[in-house]
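Peer 1: Mind having a look at this structure? Questions to follow.
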Amino acid sequence: MTAVAVLAALAGSPGLAQAQQPPASGLLSATDDNGLPPGWRIDGERGARELVWRAPESVPMGDARVEFRTGDRLLGVPRPAKDGRTFRLALDKAASTELTDLQVTAAGRRLDAAADEPRRPDARGVRLPAQAPANAVDPGKPGSYRTVSGEYELPPVRLPGFDTPVEMRAQVVAPKGATGSRPLALFLHGRHATCYRPGSEDDVTIDWPCADGYKPIPSDKGYLRDQRLLASQGYVTVSISANGVNAQDWEPEDAGAQARSSLVRQHLARWADWAAHRSSAPAVVRQAPKADLSRVLLVGHSRGGEGVNRAAMDSLYPPPAAEDGYRGPVRWKVRGTVLVGPTIFGQNPVADVPSVTLLPGCDGDVSDLQGEDFVDGTRGVSRGTALHSAVYMVGANHNYFNSEWTPGEAEAPAQDDFGADPEQPDPVCSPGAATRLTAAQQHKAGATYIAAAARLFLAGDDRVRPLLDGSGKRAPSADPARVLTHAVGGRRSGGFLPDNGARVTGARLCAAVDPDPAVACLDPETSGSSPHFAQWETNQETGRGAVDLKWSAPGTAARVTPPAPLSLHGSRQLALRVFVPPNTNGTEFDVSVTDSANRRATLGRVEVAGLPGSSYTASYWAQELRVPLTAASRAGLDLRHVKSLELTPRSRSGRAWLMDAWGWAPGTPAVKAAALPRVDVGRTIVKEGDSGTRTYRVPVRISGHGSGRVRVYVLDPDRGRTASRLVTVRPGSHAIDVPVEVKGDTQYGEDVQHDIAVKAVRGAVVGKYRGGVTVENDDPEPVITLSPVTDRVTEGEALTWRLSIEAPVTVDIWQPVRVLPVTEGTELSTKDVDPQWLQDWSGDVPDPERPLSDASLWVWLNIPPGSTGVDFAVPTVADQVAEPAESMRLALTDRNAEPLPGRPVLTGTVLDRP
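Structure follows, in structure tokens:
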């Protein structure tokens, strides 16, 4: 059996023993096809085994979740080390026998392949979208109020699952002299470094509380400009700090969404107390007008967006008490949310709370723009009256919406998250590109659209709706930003959707997420990506798709026929969400509808141009196109019974995707949240046992009211496959019944995680979306021994040692060994061993000649499943130089390259050829 060299990472310096992780000089190599890719190893001790990836340089801390994948399958979310480069995933979440095509991704982009996949920028066709006409009302203009500012700090709170209490600190900006109660806007920042060393350029940490010599990064101060704008218009604003969550959110399975929700509601509860008892409020709150808790807007940036979405959900549909950090009464009403470059790992938006999602076109952190699901994921789930708007901001990055994450403005070190390669500048997003916004331009545009949401959701001013709902108006205050919008909900009706049994002719019904390129909407090799197709927990999904049109000549209609005729009665226009490839233009369609009596009318022609995009942007984003329904009325169509929609290409050739189409009418209806059942998936941890078979069930809590449907995905830990089924859920029922059979044995193995993931389909909400049964191995790890096979040889022969266990096991056994300096006599040098062997095992070269122990020889050996041992051979070379006997020493080590105490250090000797 051939050993596999997984890591050679010794620098030979005295300080190595204290290093938490192997230093950067180490290389990863594989000597056969079973080796792990560069940068990977399997690590662990006392049974706590981990899959480890070490980046060649520090990975900036951001909001996108770092994920380990094998091909298109999610293995799990690794735990980051403090060095910013090393990520560890427990092997109960990744079967070691299936570690092929390993990848590290964050928001769909590869983190482990940048050096092998250089950017190939293509500036052809990149152009700014046309400037839209100005809206009648501009919410970006400051109001008439002067403002008062200050902060408060309360005792920290303990949140379930976190060891360290979380701070209760916030920045308040309010109108001065305003009378009566005023709506409240609460801001929550996203995941960012928590502490910094003053005077340093890049010394930041994720500790909490901060160590001596470090100061907290004031991310909560990053929205003061937005707060001042809102306060000048009469709103009370508060921006809360969440450093304590950021420092610990790698632990919970939901990446801290529930903790952030708890923190938001803890603050809202205090504001409710202060509204009732003004004398108990902090000084800055007493200086502000009384907050009207019946009109609350939640604004969340990045993971803060997912956090305020969960807070809105938890305010309507209470979460499990054991996992909630706030258990008091709900004394507020969330009227809407604004989600800025948000994550949505659970793909579980709240359908009955209106929302505006800002999608930054040059987001280098949450680069897949997964926040689009706050719009797409609400379709058909509940009543459909809540407006859900997506605002695509060309040239905006992720960080510059927060001034404390912006270079030149922040107290702490900050950076442009998109990054820049001066040798290969991105044609869309590199600083200085015509399509890229400056920090000041971006922040001003962001503040304008936050103010638009506040004016619509809190003040009920429908005049700002055209800025948000796909009507194609602009706010001059946001200039020169080019901003495009689309929406679902509001006064839309009908709904031609590419799912739920719809039939498509003349085009292809494609899947948003599918491993088969012939089924998927976008081929994996496509340059760039689509926010509509951001990946979730599974490599294949049911019920998410689009209509894919591809033509080489005009005139062939694509027809969408829903399972039953739709009603467009009362609508003025038909609103379609369509996207075309980035940097294209001149794509035209005729739009027609047919009623149940086969009367057909062509409503008009639409034209769409692609967004500016590159291989690093998610620019396959749908624009809203509208055609009036007057032609259908003139033709006598029964708009209560429309049976099909047709798109007929009129351009010579092209490609387009239809996301959906709706009847549209102006106005913003009142929203009343439906009483729905809520699903939360728990986790049960059990011991494997030594014998027998036991059956456990995935714990699922169904609470709330009424009945609804969810789709349950069962994730097979052995084969990586996913099975799904539609389930009707009711409070208190056990409708989601997933048994897990556990067979006991006495063989050492990995822990195994049997998981499910749940997504709402109709009439339900999902809180904790993933959980399962974790089966812990309870058998002792085998004792590993290192023994000589041939430890005294003549030069030109191989020194060999054997790594052994007493009996075979069912998993890979990985153990590091290290070449140590000799304590007496002459040590083998780098020129005494085969140069190719040295390169394969250490990434080093023979010159300059030096002791072998100085050649970064710390390697991980693998005993495969079913085997009891593996040999480690050191091939020596013969030379013509007379020399004394030479030797090398080899030892078993721990994960920090320290020799294991109490274990022998073995010596091999090489004699001169006679």
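FYI, our numbering numbers position 167 of the sequence shown as 401, with every residue one higher than the one before it. Ideal Cβ positions, reconstructed from N, Cα and C, are used throughout, including at glycine. Being a predicted model, the structure only gives us computed values, none of them experimental.
Kindly indicate which three-state DSSP category Leu497 falls into: helix, strand or coil?
Peer 2: Looking at Leu497 - three-state DSSP - the assignment turns out to be helix.
Peer 1: Whose C-alpha, out of Val1144, Leu1145, Gly1142, Leu1126, is nearest the C-alpha of Gly1136?
Peer 2: Residue Leu1126 is the option with its Cα nearest to Gly1136.
Peer 1: Could you work out which residue in Ser495, Ser496, Arg520 is closest to Asp1202 when comparing CA atoms only?
Peer 2: This structure does not reach residue 1202, given that the chain is present from 235 up to 1148, and the question cannot be answered.
Peer 1: Assuming Ile474 is part of the beta strand (DSSP E), what are its boundary residues?
Peer 2: 470-474 is the span of the beta strand (DSSP E), which, as asked, contains Ile474.
Peer 1: For Pro983, collect the residues of the same chain with a Cβ closer than 6 Å to its Cβ; drop the 5 residues on either side in sequence, then sort them by chain order.
Peer 2: For the sequence presented, residue 983 should be read as Gly rather than Pro. The answer, listed in chain order, is Asn1011, Thr1044, Val1045.
Peer 1: Give the range of the alpha helix (DSSP H) segment to which Asp548 is assigned.
Peer 2: Note, Asp548: alpha helix (DSSP H), 537-550.
Peer 1: Under the assumption that Gly978 contacts Ile990 (Cβ atoms under 8 Å), give the Cβ distance between them as a whole number of angstroms.
Peer 2: About 23 Å separates the two Cβ atoms, so there is no contact after all.
Peer 1: For Leu808 and Arg617, what's the separation of their Cα atoms in angstroms?
Peer 2: So the two alpha carbons sit approximately 19 Å from each other.
Peer 1: At the level of alpha carbons, what is the spacing between Gly296 and Gly728?
Peer 2: So the alpha carbons of these two residues sit roughly 39 Å apart.
Peer 1: Could you round the C-beta distance between Arg725 and Gly570 to whole angstroms and report it? I think they count as a contact, below 8 Å.
Peer 2: With 8 Å as the limit, Arg725 and Gly570 do not qualify as a contact, their Cβ atoms being about 16 Å apart.
Peer 1: Under DSSP, the alpha helix (DSSP H) around Ser1021 begins and ends at which residues?
Peer 2: That residue, Ser1021, is in no alpha helix (DSSP H); its beta strand (DSSP E) goes 1019-1024.
Peer 1: Is the beta carbon of Pro848 sitting closer than 9 Å to the one on Val662?
Peer 2: In the sequence under discussion, the amino acid at residue 848 is Ser, which differs from the Pro named in the question. Result yes, Cβ atoms of Ser848 and Val662 sit closer than 9 Å.
Peer 1: In whole angstroms, give me the CA-to-CA distance for Thr1008 and Ala957.
Peer 2: Approximately 19 Å, taken between the alpha carbons.
Peer 1: Quick one: grab the DSSP three-state call for Pro1069.
Peer 2: The answer is helix: DSSP assigns Pro1069 an H, G or I state.
Peer 1: Please classify Ala852: is it buried, with 16 or more other beta-carbons within 10 angstroms of its beta-carbon, or exposed?
Peer 2: Buried.
Peer 1: Take Leu393 and list the residues in its own chain whose beta-carbon comes closer than 6 Å to its own, dropping the five residues that flank it on each side.
Peer 2: The residues are Val400, Ala493, Ser496, Gly559.
Peer 1: In this structure, how does DSSP classify Ala525 when only helix, strand and coil are distinguished?
Peer 2: In the structure shown, Ala525 sits in a strand (DSSP, three-state: E or B).
Peer 1: Using C-beta distances below 8 Å, list every residue in its chain close to Val1027, excluding the 5 sequence neighbours before and after it, in chain order.
Peer 2: Cβ neighbours of Val1027 beyond the five flanking positions: Leu1033, Thr1110, Gly1142, Thr1143, Val1144, Leu1145.
Peer 1: Confirm, please, whether the CB-CB distance from Leu1124 to Leu1134 is below 9 Å.
Peer 2: Cβ atoms of Leu1134 and Leu1124: not closer than 9 Å.
Peer 1: In terms of DSSP beta bridges, what is Ala555 paired with?
Peer 2: Its beta-bridge partners do not exist; DSSP assigns none.
Peer 1: Would Val628 and Leu960 be called neighbours here (beta carbons separated by less than 9 Å)?
Peer 2: Not in contact: Val628 and Leu960 (Cβ atoms no closer than 9 Å).
Peer 1: DSSP beta-bridge partners for Tyr457?
Peer 2: DSSP lists no partner for Tyr457.
Peer 1: Going by beta-carbon coordinates alone, are Ala687 and Leu671 separated by less than 9 Å?
Peer 2: Result no, Cβ atoms of Ala687 and Leu671 do not sit closer than 9 Å.
Peer 1: With DSSP collapsed to three states, give me the class of Leu262.
Peer 2: Summary for Leu262: the model assigns pLDDT 29, below 50, so the residue's position carries little reliability; its value from the coordinates is reported in the next sentence. In this structure, Leu262 counts as coil in the three-state DSSP scheme.
Peer 1: Any contact between the segment 617-626 and the segment 897-913? By contact I mean 3 or more CB pairs, one from each, below 8 Å.
Peer 2: As far as the Cβ criterion goes, the segment 617-626 touches the segment 897-913, which means the pair count is three or higher.
Peer 1: Are the CB atoms of Pro732 and Gly779 nearer to each other than 9 Å?
Peer 2: Against a cut-off of 9 Å, the Cβ pair of Gly779 and Pro732 comes out as a contact.
Peer 1: Alpha carbon to alpha carbon, how far is Gly433 from Tyr448? Give it in angstroms, no decimals.
Peer 2: If you take the alpha carbons of Tyr448 and Gly433, they lie about 10 Å apart.
Peer 1: Just to confirm, is the Cβ distance from Ala843 to Thr821 under 9 Å?
Peer 2: Contact flag set, yes.
Peer 1: Measure the Cβ-Cβ separation of Ser415 and Lys524 and say whether it is below 9 Å.
Peer 2: Yes, the pair counts as a contact, with Cβ atoms nearer than the cut-off.
Peer 1: Any idea what DSSP makes of Thr612, helix, strand or coil?
Peer 2: Residue state, collapsed to three classes: coil.
Peer 1: Please classify Asp985 as buried or exposed, where buried requires at least 16 neighbouring CB atoms within 10 angstroms.
Peer 2: By the 10 Å Cβ count, Asp985 comes out buried.
Peer 1: Could you tell me whether the segment 443-459 touches the segment 416-432, using the rule of 3 or more Cβ pairs below 8 Å?
Peer 2: With a cut-off of 8 Å, the segment 416-432 and the segment 443-459 count as touching, because enough Cβ pairs lie within range.
Peer 1: So Ala465 and Pro409 are supposed to be a Cβ contact under 8 Å. How far apart are they, rounded?
Peer 2: So it is a contact: roughly 5 Å between Cβ atoms.
Peer 1: Can you tell me whether Gly723 is helix, strand or coil according to DSSP?
Peer 2: Gly723: coil per DSSP, three-state reduction.
Peer 1: Taking the alpha carbon of Gly804 as the point to measure from, which residue in Arg834, Asp437, Asp872 has its own alpha carbon closest?
Peer 2: Per the Cα distances, Asp872.
Peer 1: Count the other CB atoms, across all protein chains shown, that sit within 10 Å of the CB of Asp696; report buried if there are 16 or more and exposed otherwise.
Peer 2: Result: exposed.
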